[in-house]
Amino acid sequence: MAVATFDAVVATPREGKFNKNAARRVRVAGKIPAVVYGAGQDAIAVTVDPKIITKILHSESGHNTIFDLNIEGGAGTKAMIVDWQHEPIKGKLLHIDLKRIAMDKAMRVSVPVQLIGVPTGVKNQGGILDHILREVEIECLPGDIPSHIDVDVTGLELHGAIHISDLPHSGSIKYLGEETATVAHVTVIKEEAPAEAAEAAPTEPEVAKKGKTETAEAPAKK
Numbered sequence: 000m001a002v003a004t005f006d007a008v009v010a011t012p013r014e015g016k017f018n019k020n021a022a023r024r025v026r027v028a029g030k031i032p033a034v035v036y037g038a039g040q041d042a043i044a045v046t047v048d049p050k051i052i053t054k055i056l057h058s059e060s061g062h063n064t065i066f067d068l069n070i071e072g073g074a075g076t077k078a079m080i081v082d083w084q085h086e087p088i089k090g091k092l093l094h095i096d097l098k099r100i101a102m103d104k105a106m107r108v109s110v111p112v113q114l115i116g117v118p119t120g121v122k123n124q125g126g127i128l129d130h131i132l133r134e135v136e137i138e139c140l141p142g143d144i145p146s147h148i149d150v151d152v153t154g155l156e157l158h159g160a161i162h163i164s165d166l167p168h169s170g171s172i173k174y175l176g177e178e179t180a181t182v183a184h185v186t187v188i189k190e191e192a193p194a195e196a197a198e199a200a201p202t203e204p205e206v207a208k209k210g211k212t213e214t215a216e217a218p219a220k221k
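Under numbering that gives the first Met the number 0, the residue at position 45 of the sequence shown is numbered 44, and the numbers go up by one with no gaps.
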């Protein structure tokens, strides 16, 4: 499940102007700016500790992790990271969006698909495994969000395919994609066809003529 055992994330409300200079001062102080919204409540500008946010993003459940969010001066809530921005060169977090989560209401999330095993079509028939759909969108209660969905591909033969309909189904989650959508398949290695030699008609080589060619008639004698 995506509900993890992280310490509660503490958020401090921000006051004053919300511009680039203010955000820079927040980061210099060792925090990152964030916005909390959702659950029918007003959005709040806050600051949070980037270390625990990074820890959550790098966990097994990643951005689908649901954690306790305590806003100073307000009531605690369950929350999820729904968007984040990184510094392009050093990769440091610059800003995050947090969404309040109602644990009794279904929500839509995308979860990764993990392929387990080596297909017989690869091992014994010389094919290659092509993982097409690496994430699937599902709908379920927050407490039922899986960190990933595993599918065993060891029995997949050459030209065989795994579709969304072949993924593990249960009463707790609903797949939102087309049941016929291909998740992975075993295909042959495409070989480039050799270029056909052009059959040009033989041509006789031109013979270069030596000397000058006279084109004008000799002037008549007077």
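Ideal Cβ placement from N, Cα and C applies to all residues, glycine included.
Predicted, not measured: the structure shown is a model, and the values here were computed from it.
- Between Val121 and Leu128 a beta carbon distance of about 5 Å is seen, short of the 8 Å cut, so the two are scored as contacting.
- Ile144 and Asn63 have their C-alpha atoms some 7 Å from each other.
- Sixteen is the threshold: when 16 or more other Cβ atoms of the shown chains lie within 10 Å of the Cβ of His184, as they do, the residue is buried.
- Collapsing the DSSP output to three states places Arg107 in a strand.
- Gly72 is classed as exposed because its beta carbon has fewer than 16 other beta carbons within 10 Å across all chains shown.
- The DSSP-derived three-state label of Val27 is helix.
- One thing to note: Pro111 has its Cβ within 9 Å of the Cβ of Ile148.
- The criterion of a C-beta distance shorter than 9 Å is satisfied by Leu92 and Thr53.
- Every alpha helix (DSSP H) of 4 residues or more that sits fully in the segment 30 to 89 is shown, in chain order, as 49 to 56.
- By DSSP's assignment, Ala183 forms a beta bridge with His130, Ile161.
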